[in-house]
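A.B. asks: Numbering (the numbering used here), first residue to last: 28 to 423. Glycine included, C-beta positions come from ideal geometry on N, C-alpha and C. Got a structure for you, written out below as structure tokens; questions coming shortly.
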Ligand SMILES: [Zn+2]
């Protein structure tokens, strides 16, 4: 048992949630070789993501002008989280009373104290190791043979990940057995995509730059510029929720679905398709679906069937499905003709938009039997139709 392992066990036994999220000098192991993982992302504490992605940064300590210059340059450079997302790091002056943002102490450790992301006092408290030879101390630097400057730059990238609310990737419960580094520091509350062997937040990676998963993950957490038409190639880097463009379901990480033509809701081209988890679709607006621009299933608000594409109808008052106003109406898929009074059975349950059903058991997973709503679908009076179950994604 080497020193770090004892350290990690001590954390576990104490069950301390608010612990220094540091990077112990010998915390890392060589990365597993020849092990392939499918989906690569981050582990976020969404509750502590910054409300405003323009995040002020200040220095608690004086001196170290050269090192401070490296850090500011790194975190505002093409290598930074800010280059891929709506996040920006501003200020970089001396801390003042009442300052809210990331407060950095030039010291002898690489750590974010108190927890991930924006704490209740509006701050994130970071220490960076500006001592004489941090490149000989920190595993990520040693493994990459980094210079002192590059070590400080790279470790700052990692620590700013914590300040943005990202936990250590190897803390995730879905960490493969091949990654044997013990969890360290606070956990997140949200898996952003699946486990990322290349993340700069992963002790089982010696990466000295943001992985593609890191780059897409910060867009998922904070929004950002359009990632491009093929960032989520199947089986390589499936996209997390709120990231696109995707083309097929396998372009999207587990728990998300590729939804067509909603890029405009994220500030991108309307032709962009976006991976989405339940509840992550922003409300498009009360006039989003029109006869000139009809909506596909799951989108709204619509006012009549003419606002929905062929094969879908405008179903009233189901907006709560997406966490929108319950008064919002959504386009929902349907079948062209009434399938019949005995069309649905427990042995052969109906999909959304089909009927007649007699109980939820006669509707497919994720749908429930809606009583007497047949006429809305053009079906006979008193007929019952399978419709999306509130709380379950209407997209599936
Ligand atoms: Zn760390």
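Does the Cβ of residue 271 have 16 or more other Cβ atoms within 10 Å, making it buried, or fewer, making it exposed?
C.D. replies: That one is buried.
A.B. asks: Leaving out five residues on either side along the sequence, give the residues of the same chain with a beta carbon under 6 angstroms from the beta carbon of residue 80.
C.D. replies: Excluding residues within five positions, the ones whose Cβ falls inside 6 angstroms are 113, 114 and 249.
A.B. asks: Is there contact between the stretch 304-312 and the stretch 286-296, where contact requires at least three CB pairs shorter than 8 angstroms?
C.D. replies: Contact between the stretch 304-312 and the stretch 286-296 is present, because at least three Cβ pairs lie under 8 angstroms.
A.B. asks: Please list the terminal residues of the continuous alpha helix (DSSP H) segment that includes residue 182.
C.D. replies: Counting along the chain, the alpha helix (DSSP H) containing residue 182 begins and ends at 175-191.
A.B. asks: What three-state label does DSSP hand residue 87 in the structure shown?
C.D. replies: Coil at residue 87, not helix or strand.
A.B. asks: Of the residues 411, 125 and 129, which one's Cα is nearest the Cα of residue 145?
C.D. replies: Ranking the options by Cα distance to residue 145, first place goes to 129.
A.B. asks: Would residue 63 be called buried (16 or more neighbouring beta carbons within 10 Å of its own) or exposed?
C.D. replies: Reliability fails at residue 63, whose pLDDT of 32 lies under 50, so the model's placement of it is uncertain and the value that follows must be treated cautiously. Classification of residue 63: exposed, given that the 10 Å Cβ count is below 16.
A.B. asks: Among all the DSSP beta bridges, which residues are the ones paired with residue 360?
C.D. replies: In the DSSP output, where bridge partners are listed per residue, residue 360 has 339.
A.B. asks: Cutting at 8 angstroms between CB atoms, please list the residues of its own chain near residue 356, excluding the five before and the five after it.
C.D. replies: Around residue 356: 327, 328, 329, 330, 341, 342, 343, 344, 345 and 346.
A.B. asks: Classify residue 106 as helix, strand or coil using the three-state DSSP reduction.
C.D. replies: If DSSP states are grouped into helix, strand and coil, residue 106 belongs with coil.
A.B. asks: Give me, in chain order, the residues of the same chain whose beta-carbon lies closer than 8 angstroms to that of residue 78; leave out the 5 immediate sequence neighbours on both sides.
C.D. replies: Cβ within range, chain order: 145.
A.B. asks: Let me check you understand the geometry: is the CB of residue 189 closer than 7 angstroms to at least one non-hydrogen atom of ligand 1?
C.D. replies: Checking the Cβ of residue 189 against ligand 1 gives yes.
A.B. asks: Does the pairing of the stretch 193-200 with the stretch 150-158 give three or more beta-carbon distances under 8 angstroms?
C.D. replies: In short, these stretches do not touch, since the Cβ pair count stays below three.
A.B. asks: Taking C-beta to C-beta, are residue 411 and residue 402 nearer than 8 angstroms?
C.D. replies: No, they are not a contact pair.
A.B. asks: Taking only the alpha-carbon atoms, compute the straight-line gap between residue 126 and residue 212 and give it to the nearest angstrom.
C.D. replies: Approximately 25 angstroms, taken between the alpha carbons.
A.B. asks: Can you find at least 3 beta carbon pairs, one from the stretch 220-236 and one from the stretch 174-188, that sit closer than 8 angstroms?
C.D. replies: Flag = yes, the stretch 220-236 and the stretch 174-188 touch.
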